[in-house]
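For the sequence shown, the UniProt record's numbering assigns the number 1 to the initial residue and increments by one for each residue that follows. Accompanying notes for the structure given below.
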Amino acid sequence: MRVFVLAGSSRSGSMNRRLASLVGGLVTRSGPTVDLARLADFPMPAYDGDTEAGEGPPPAAVALRDRIEAAQALVIASPEYNASVPGVVKNAIDWVSRFRPQPFKDKQTLLVSASPSMVGGNRGLWALRVPLEHLGARVYPDMFSLAGAHHAFTEDGELTDPQLAERLTQTVDSFLDLAEADTRYLCLQRR
Ligand code: FNR
Numbered sequence: 001m002r003v004f005v006l007a008g009s010s011r012s013g014s015m016n017r018r019l020a021s022l023v024g025g026l027v028t029r030s031g032p033t034v035d036l037a038r039l040a041d042f043p044m045p046a047y048d049g050d051t052e053a054g055e056g057p058p059p060a061a062v063a064l065r066d067r068i069e070a071a072q073a074l075v076i077a078s079p080e081y082n083a084s085v086p087g088v089v090k091n092a093i094d095w096v097s098r099f100r101p102q103p104f105k106d107k108q109t110l111l112v113s114a115s116p117s118m119v120g121g122n123r124g125l126w127a128l129r130v131p132l133e134h135l136g137a138r139v140y141p142d143m144f145s146l147a148g149a150h151h152a153f154t155e156d157g158e159l160t161d162p163q164l165a166e167r168l169t170q171t172v173d174s175f176l177d178l179a180e181a182d183t184r185y186l187c188l189q190r191r
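What follows is the structure in structure tokens.
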């Protein structure tokens, strides 16, 4: 199984990038292949119907679609902006949603977030669920939000709190179990 892990923030010190890397490591340890990326790898303009009708989707949207399609499961590590999903993350979802077949349909998806605040970006994940579920993604019911993220990592990128580290590992492992079972089921259905 291949898992695409996307960090919704691209800045050098991004906590969500760190969390995405950590999750990527946990996924690799469990067996699947990981494709790790950040949103800045896919620079795209704000969605505009005239651009789409004229030039078609931007190359970055095509590239992001291809990476999502090449994976059986998706992990998004997204910041919370103003109690919601960052505009750049939503914009990328909007562009990708325009392709047919629709790339998010049936995609097993795990949402994680990191924030210096006490809520850990969890409200942003609830907002992120809405467009993804609307598009038919199979968004894993449990989500992982890392509060106080500016103090939560060791220099090696691990979590300092062993209980939190255990909870993240369990969340990722449970998600992968479901994603693998679902991938097998979908393969059987398509035969
Ligand atoms: C934030 N931040 C923030 N944090 C939070 O927990 N809840 C919020 O509603 C917001 N709102 C918000 C709006 C905007 C415009 C910015 C720029 C930031 C803080 C945010 O969590 C913090 O900047 C994180 O460091 C962003 O994630 P990365 O870049 O570290 O991955």
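Ideal placement from N, C-alpha and C gives every residue a C-beta, glycine not left out. None of these values were measured; they are calculated from a predicted model.
Neighbourhood of residue i by C-beta, 8 Å cutoff - its chain only, sequence neighbours within 5 removed
i, result
"T160", "H151, A152, F153, T154"
"D35", "R2, V3, F4, V5, R67, A70, A71"
"A83", "R123, G124, A127"
"Q102", "L135, G136"
Simplified DSSP state of residue i, which is helix, strand or coil
i, result
"L127", "Checking the sequence shown, residue 127 turns out to be Ala, not Leu. Reduced to three states, the DSSP call for A127 is helix."
"V5", "strand"
"Y185", "helix"
"F153", "strand"
"S30", "helix"
"S84", "strand"
"S174", "helix"
"G25", "helix"
"G54", "helix"
"P101", "coil"
"R11", "coil"
Neighbour-count burial assignment, residue i, 16 or more Cβ in a 10 Å radius
i, result
"T33", "exposed"
"N16", "buried"
"Y81", "buried"
"V130", "exposed"
"L186", "exposed"
"R11", "exposed"
"A181", "exposed"
"Q189", "exposed"
"K107", "buried"
"R100", "exposed"
"K90", "buried"
Residues that residue i bridges to, as DSSP identifies them
i, result
"Q108", "A73, R138"
"D35", "F4"
"F42", "Paired residues: none, contrary to the question."
"L146", "A114"
"Y47", "Paired residue(s): none; Y47 is not in a bridge."
"L159", "F153"
Near the ligand GDP: residue i beta-carbon under 7 Å from a heavy atom
i, result
"S9", "In the structure on display, the ligand GDP does not appear, and the ligands it does have are the ligand FNR."
Sequence-distant residues of the same chain with beta carbon closer than 6 Å to residue i, five excluded per side
i, result
"M44", "P58, A60, A61, W95"
"A147", "M118, G120"
Contacting residues, own chain, Cβ-Cβ under 7 Å from residue i (five flanking each side not counted)
i, result
"R98", "E52, P57"
"S14", "A7"
"A63", "F42"
"P116", "G148, A149, H150"
### Task
Determine, using beta-carbon pairs with one atom in the segment 129-136 and one in the segment 157-171, whether at least three such pairs fall under 8 Å.
no
### Query
Taking three-plus beta-carbon pairs below 8 Å as touching, is the segment 18-30 in contact with the segment 122-131?
no
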